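Undergrad: Next up is a structure, given as structure tokens.
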């Protein structure tokens, strides 16, 4: 792991994990834009350089990721968990992720869903982040002792494809209408991926569908790993039903 | 339907439906207490007088419901949908509930879950409130034309028993620790029901279990009918995982 | 029930049920277009005239439905099951639908899904069509004796909203890219509904999303009521995964 | 991996994976028979020689598998993924399977379901084939660069036991009545397994049950990994309901 | 309701409900045989005379039901809930069933599953028996006051078809191998139904499949409505896994 | 693996696996107490010494586990599968567990549920025990040849947290009211864990809730891996519904 940029950890920092250089932008780029525009810090951890993809060299993919993160106002680091298409669920990799959680000390963690029927790297990162968020809290793990234990406030999963949405689990929706242009630019930063696949169009179609059911332009679905807890009914905002 | 108390409808009013005189207190009394203590209006609609129960006369049950509502700071009305143990899902009954929604104009509606394996009156009220919340929005229903259409902000289901919790659907938790005494008193107001059943103890055991997993004393699980929508990640508060 | 147009029943006729004048066009208009353009007969049964809707008079809605059906090359009849927002699941209504199935003798029946969390009329029609397709096969039902029993080949449910899609059940997708313009025109025929709601846009967003995952422009999801049976693997066509 | 027989890859080739020498015959032997009798090529990849089983030596099991494949008109190869009862989900093993998919270039892939509660080797093969079918499409994986990327048309899971059928997911049924004798012979080729277990009888009971519900003699349930996509309603054939 | 035979209620009586004259024999006839051969009383309540069926007159169906019950050692009564294919879920019908439960005072109640995708009469009886078992316990229902309240020990659902088995819910299996002949004879008593449908064969295929997975000849799956409770692990017998 | 105490294997021995020194006591200590008080043997296998926990040294945790097991009348051994927070699902580890099953030859095996959203060690042990129970039956696995194959009678999963309960799967409940004190003492033996976490209180709240729904004081939910099979309806005891 290379030296990483210094962060100003506080109780609102967002930490987003992606398996490939474009996952975060495609899965939850609009949500990140909302947070950073409101003045909160966001940090991206990308677990490969896309070297197994059909298009784009690792150097290109790295540059695209840097551009995407910069557009969204997020800092970025790359880590090596075995390489693109080679991410394997293991305790050693999970502890690497837990160490990052301890270092960044985020309030909210975003990761791909652990659903089985998607790119195996996505599921692997999702499962390991879920476990890492637990292990970061435990006091006695020797590989993590360099830094104090940290309990995140929430783990939210994002989906890059419809198949990755967990069946039967209702999402929470984040209204990203106001940041649509910025989200699109962050996706478009991944130019090498635009040639052969309609990923960005897929995301917009998904967000349009969720948005229209909620009476807004675009909404990103997120899947909380744990029940949300509130002090009253007021913060629940409103529900999505318009039809 | 008798004349009902005048309400000051605003965007924070809570409207809670119960099949029997004690359902609201047992299923979500703590949540109501939180809302009314914060100065928001709550109104209860009870759909029978408990006349089919093993214990308590309708007169006793009515008095107990009035006492429970008063303790929680809520107004109360009784309606007749066929009588205790005789509630039937029908369009006519559903429209009665929709008319009440139009009259009270609540932000949030609370109702028993429509899960099948519970007292059939609970499921009937849950299903009809769900449909009534839709019908209250439609402009052309002649039985409802007396009052303007109204779109609620959210429908949240409460469960009176574990079986009534919808399988596989994560709840949102409301921290009711600070109103534990008041919640207990509101349940205890239903003295006729205390003789033979441990309902109140069941609720406290459920709330203790949910609370402990969230690191608080007592938490009430609620089940949103529709995905929640937020403007950013910040209002989500925190997640429940402590173990 | 008024006199209805004569049909040429054969083994490929499609019979589509809708609760309201626009349900069929919105939920599966593209699929109907594919079938009728291939020379197969389609017949629509609409169970209300939209008289409870916010916009449009029954006369307007009736005219719009006629225009939509005509555009799609389908015949159309209206039936009365209690009126818009008043459809109730009952044996009498179910037998009316079964009688229509016996008269039309379709190969394939389309109906709204019976999912609970949608307009209650949609769920009511879905449940009753499902039961009616069974009852149409039984020889001894006296209300149906006027015509010989009929076994349909398949019952496929369509969804008008995302909430109406049955959770966890994979759809079959129908590629409607080639009939996109006609589908859009059929939806647009319901002009009174275009004023305040983005129904057509919602359908296109849903179809775009399903289409993109399958590598086609637009795809309509349908939900078979029963397992499909094939003589070999060849007719299965191809699967939807592109991402 | 030893040299394997040359195949004539075309758009109809079937590639079936099994964890043990008899899995394919028991789980989907009838389906294979239908395909090969129609002139399509089938190739079996067996991932162990059954050396951990209670009955039969690896040599016997190998010979039985060859006989079973020959009866069904399929070619056969064995691969080594760690040995019977030792199959482990890993990227290296998954890439071995992906390389086979690239070499054989099948239209349809068959594999055991990835359901957890069955012989762990079955689940391991199911999960790895699912991932391998994705990885075979990606252009940049260096272990796979020897051959061009290949996108299969569908991945269908077969179940060897009832527990292996994914809960709540409707199967597609393949009518194997006409090849019942050949299917039985292919199962019977695994003579060493006939001594102590009623596997063949279990399969026939399952196929009888599925067949009778569909009005045919015997039907094999298959579970598509992805939604099926069709150009119209006609290829859907008919649905299974007879009762 | 006609006069019904006197029963000797005790803590082991079985009360089985069927929608049609043959449902009980087909769905759980073997289980009944086990109980009556062990000296326990069984009583059948059949809710129609099969007058809507394709084959058999009501008189024939009545005689067949009497023969089936006699073979199984059960007493039998017919009740009228609207007639075959006309059973409707209503409070009035549910209270009729609750009154029977109070009269018979069974330990165990058997009923068809309430699954939606089956003959609507089956689902209607299943749902109403589930509710009736609750209402029979409540002290204040005036229609039931003739007899004292009664709490059954368990409600177990049986399935007549595979579709009627609740998805994702594990059954308990009852080993009916020793009563196979008697079960078959009881099914065969329904001669009018044997002409055109393979119901009995379907049941035997289902029971063979469940039996083989448990290492016995034939097993009937039953679906408890509520969790089972035991005093220790010993009465749990053994689990079904043999493969 | 160190030498382990000699057991008197018979058809009633209980074998319980835990990931950490306190898992068995917290998840199913009351059930163990019932069994050993009835004279049946119980043996605990603990797969780590809790060395990654926030509180307690491995030596303390080991002593606490010995005390807990002694209180419950169970024998105990520790095994090493990589260490606390480092348990990894692998064939080698699974075979270690299978070898223990062959040595102890239990009737019933207890293990943590394999649910994903809990401490990853719990899920790892649950999944491996499930697989080990299968592998212990197969005759040809060379690592296991030292001892004869053994088929357990049942595998029952216990949950340490609510999240670990498998969604939508009904438990069987064991009435542990009579051994409440002993269960509490066994949990309290893990003194190092009492400082910062309310684990014991969580268990009692869960057991109270399950008990009250069943009309008993405390009940432990267990989740059978396979359907239960019975010789008649009588051993099913009674169902849990009281509300």
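Chains as they are written, first to last, in the working numbering: chain Y, 1 to 243; chain H, 1 to 243; chain B, 1 to 243; chain E, 1 to 243; chain L, 1 to 243; chain G, 1 to 243. A virtual CB, placed ideally from N, CA and C, is assigned to each residue, including glycine. Keep in mind it's a predicted model, so treat the numbers as computed, not measured.
#1: Here's the rule: buried if 16 or more other CB atoms are within 10 angstroms of the residue's CB, otherwise exposed. What is residue 164 (chain B)?
#2: What residue from E:161, E:218, E:231 and E:134 has the CA that sits closest to residue 226 (chain G)'s CA?
#3: So that I know if they touch, is there some Cβ in chain L lying closer than 7 angstroms to that of residue 208 (chain E)?
#4: Using a Cβ-Cβ distance under 7 angstroms, would residue 6 (chain Y) count as near chain B?
#5: Check whether the segment 130-140 of chain L touches the segment 23-37 of chain L, taking contact to mean three or more Cβ pairs, one atom from each stretch, closer than 8 angstroms.
#6: Should residue 120 (chain B) be labelled buried (16 or more other beta-carbon atoms within 10 Å of its own) or exposed?
#7: Could you give the DSSP three-state label for residue 30 (chain G): helix, strand or coil?
#8: If you drop the 5 nearest sequence neighbours on each side, which residues of the same chain put their C-beta closer than 6 angstroms to that of residue 17 (chain E)?
#9: Label residue 113 (chain Y) either buried or exposed according to how many other C-beta atoms from any shown protein chain fall within 10 Å of its C-beta, with 16 as the threshold for buried.
#10: Using the beta-carbon of each residue, which ones in chain C are nearer than 8 angstroms to residue 114 (chain Y)?
#11: Determine the DSSP secondary structure at residue 100 (chain H), reduced to helix, strand or coil.
#12: Grab me the residues of residue 151 (chain E)'s own chain with a C-beta within less than 8 angstroms of its C-beta, minus the 5 sequence neighbours each way, in chain order.
#13: Please list, in chain order, the residues of the segment 151-173 of chain Y that have any C-beta partner in chain H closer than 9 angstroms.
#14: Closest Cβ-Cβ distance between residue 217 (chain Y) and chain B: below 7 angstroms?
#15: Distance check for residue 157 (chain E) and residue 115 (chain E), CA to CA, integer angstroms please.
#16: Would you report the Cα separation of residue 67 (chain H) and residue 147 (chain Y), rounded to the nearest angstrom?
#17: For chain E, find out if any of its Cβ atoms is closer than 7 angstroms to the Cβ of residue 37 (chain L); answer yes or no.
#18: Tell me the DSSP secondary structure of residue 220 (chain H) in three-state form.
#19: The segment 41-53 of chain Y: which residues have C-beta closer than 9 angstroms to a C-beta of chain E, in chain order?
#20: Can you give the beta carbon distance from residue 56 (chain B) to residue 192 (chain B), rounded, assuming they're within the 8 angstroms contact cut?
#21: Using a beta-carbon distance below 7 angstroms, is residue 126 (chain E) in contact with chain L?
#22: According to DSSP, what are the bridge partners of residue 175 (chain Y)?
#23: How is the beta strand (DSSP E) around residue 154 (chain E) delimited, first residue to last?
#24: Hey, is residue 85 (chain H)'s beta-carbon within less than 7 angstroms of any beta-carbon in chain L?
#25: Taking residue 50 (chain Y) and residue 20 (chain Y) to be in contact with their CB atoms under 8 angstroms, please state how far apart those CB atoms are, rounded to whole angstroms.
#26: Answer yes or no: do residue 72 (chain H) and residue 236 (chain Y) have a C-beta to C-beta separation smaller than 7 angstroms?
#27: Would you mind working out which of Y:178, Y:184, Y:188 and Y:185 sits nearest residue 217 (chain Y), comparing C-alpha positions?
#28: Within 10 angstroms of the Cβ of residue 92 (chain E), are there 16 or more other Cβ atoms? Answer buried if so, exposed if not.
#29: Can you list, in chain order, the residues of its chain with a C-beta nearer than 6 angstroms to that of residue 69 (chain H)? Leave out the 5 residues immediately preceding and following it.
#30: Which residues in chain B sit within 8 angstroms of residue 180 (chain E), going by Cβ to Cβ distance?
#31: Since residue 223 (chain G) and residue 169 (chain G) should fall inside the 8 angstroms C-beta cutoff, what is the C-beta to C-beta distance between them, to a whole number of angstroms?
#32: Given this structure, state the Cα-to-Cα distance separating residue 30 (chain H) from residue 14 (chain H), to the nearest angstrom.
#33: What's the gap between the Cα of residue 143 (chain B) and the Cα of residue 80 (chain B)?
#34: When we look at the beta-carbon of residue 181 (chain Y) and count the other beta-carbons within 10 Å, is it buried (16 or more) or exposed?
#35: If distances are taken between C-alpha atoms only, which option among E:234, E:221 and E:52 comes closest to residue 32 (chain E)?
#36: Among the candidates B:153, B:89 and B:166, whose CA atom is the shortest distance from the CA of residue 105 (chain B)?
TA: Well, looking at it:
#1: Sequence index remark: in the third chain, residue 164 (chain B) carries index 164 (1-based). Counting other Cβ atoms within 10 Å of its Cβ, residue 164 (chain B) reaches 16 or more and is therefore classed as buried.
#2: If you number the sixth chain from 1, residue 226 (chain G) lands on position 226. The shortest C-alpha separation from residue 226 (chain G) is found at E:161.
#3: The sequence position of residue 208 (chain E) within the fourth chain is 208, counting from 1. Interface residue, yes.
#4: Position 6 of the first chain, counted from the first residue, corresponds to residue 6 (chain Y). Residue placement at residue 6 (chain Y) is flagged as unreliable, the pLDDT there being 40, under the threshold of 50; a coordinate-derived value is accordingly withheld.
#5: The count of Cβ pairs closer than 8 angstroms, one atom from the segment 130-140 of chain L and one from the segment 23-37 of chain L, stays below three, leaving the stretches out of contact.
#6: Here residue 120 (chain B) refers to the residue found at position 120 when the third chain is read from its first residue. Residue 120 (chain B) comes out buried.
#7: Mapped onto the sixth chain, residue 30 (chain G) falls at position 30. Reduced to three states, the DSSP call for residue 30 (chain G) is helix.
#8: Taking the fourth chain and counting its residues from 1, one reaches residue 17 (chain E) at position 17. The answer, listed in chain order, is 45, 111, 125 and 129.
#9: Position 113 of the first chain, counting from 1, holds the residue named residue 113 (chain Y). Buried.
#10: Within the model displayed, chain C is absent; protein chains Y, H, B, E, L and G are what it includes.
#11: To locate residue 100 (chain H), count along the second chain from 1; it is residue 100. DSSP places residue 100 (chain H) in helix when its eight states are reduced to three.
#12: On the fourth chain, residue 151 (chain E) is found 151 positions in, with the first residue counted as 1. Answer for residue 151 (chain E): 136 and 137, listed in chain order.
#13: Interface annotation for the segment 151-173 of chain Y against chain H: 151, 152, 153, 154, 155, 156, 168, 169, 170, 171, 172 and 173, criterion Cβ-Cβ distance under 9 angstroms.
#14: Position 217 of the first chain holds residue 217 (chain Y). By this cut-off, residue 217 (chain Y) is not an interface position.
#15: Here residue 115 (chain E) refers to the residue found at position 115 of the fourth chain. Here residue 157 (chain E) refers to the residue found at position 157 of the fourth chain. Their backbone Cα atoms lie some 10 angstroms apart in a straight line.
#16: As a working note, residue 67 (chain H) is residue 67 in the second chain. As a working note, residue 147 (chain Y) is residue 147 in the first chain. Those two C-alpha atoms are separated by around 55 angstroms.
#17: The residue given as residue 37 (chain L) occupies position 37 in the fifth chain. No - not a single Cβ of chain E is within 7 angstroms of the one on residue 37 (chain L).
#18: Taking the second chain and counting its residues from 1, the one referred to as residue 220 (chain H) is at position 220. It is a strand residue.
#19: Taking 9 angstroms as the Cβ-Cβ cut-off against chain E, the residues of the segment 41-53 of chain Y that qualify are 50, 51, 52 and 53.
#20: Looking up residue 56 (chain B) in the third chain gives position 56. Looking up residue 192 (chain B) in the third chain gives position 192. About 3 angstroms separates the two Cβ atoms, so the contact holds.
#21: As a working mapping, residue 126 (chain E) is identified with position 126 in the fourth chain. By this cut-off, residue 126 (chain E) is not an interface position.
#22: If you number the first chain from 1, residue 175 (chain Y) lands on position 175. Its beta-bridge partners are Y:219.
#23: If you number the fourth chain from 1, residue 154 (chain E) lands on position 154. Unbroken beta strand (DSSP E) run through residue 154 (chain E): 154-158.
#24: One-based indexing of the second chain puts residue 85 (chain H) at position 85. With 7 angstroms as the cut-off, residue 85 (chain H) counts as an interface residue toward chain L.
#25: If you number the first chain from 1, residue 50 (chain Y) lands on position 50. If you number the first chain from 1, residue 20 (chain Y) lands on position 20. Sure, about 5 angstroms apart at Cβ, within 8 angstroms.
#26: If you number the second chain from 1, residue 72 (chain H) lands on position 72. If you number the first chain from 1, residue 236 (chain Y) lands on position 236. In this structure, residue 236 (chain Y) does not lie closer than 7 angstroms to residue 72 (chain H) by Cβ.
#27: Stepping through the first chain from its first residue, residue 217 (chain Y) is reached at position 217. Checked all of Y:178, Y:184, Y:188 and Y:185; the closest Cα to residue 217 (chain Y) is Y:178.
#28: Counting from 1 along the fourth chain, the entry for residue 92 (chain E) is found at position 92. So residue 92 (chain E) counts as exposed.
#29: Reading the second chain from its first residue, position 69 is the one you call residue 69 (chain H). Cβ within range, chain order: 44 and 76.
#30: Within the fourth chain, residue 180 (chain E) is the residue found at index 180, counting from 1. By Cβ distance, chain B contributes nothing, its closest Cβ being about 14 angstroms from residue 180 (chain E), past 8 angstroms.
#31: If you number the sixth chain from 1, residue 223 (chain G) lands on position 223. If you number the sixth chain from 1, residue 169 (chain G) lands on position 169. Contact holds; Cβ gap of about 6 angstroms.
#32: Along the second chain, one-based indexing puts residue 30 (chain H) at 30. Along the second chain, one-based indexing puts residue 14 (chain H) at 14. Cα-Cα distance, rounded: 13 angstroms.
#33: Position 143 of the third chain, counting from 1, holds the residue named residue 143 (chain B). Position 80 of the third chain, counting from 1, holds the residue named residue 80 (chain B). The straight-line gap from Cα to Cα measures roughly 17 angstroms.
#34: Looking up residue 181 (chain Y) in the first chain gives position 181. Flag for residue 181 (chain Y) reads exposed.
#35: Within the fourth chain, numbered from 1, the residue matching residue 32 (chain E) stands at position 32. A check of alpha carbon separations from residue 32 (chain E) across E:234, E:221 and E:52 identifies E:221 as the nearest.
#36: Taking the third chain and counting its residues from 1, one reaches residue 105 (chain B) at position 105. Check the Cα spacing between residue 105 (chain B) and each of B:153, B:89 and B:166: the tightest is with B:153.
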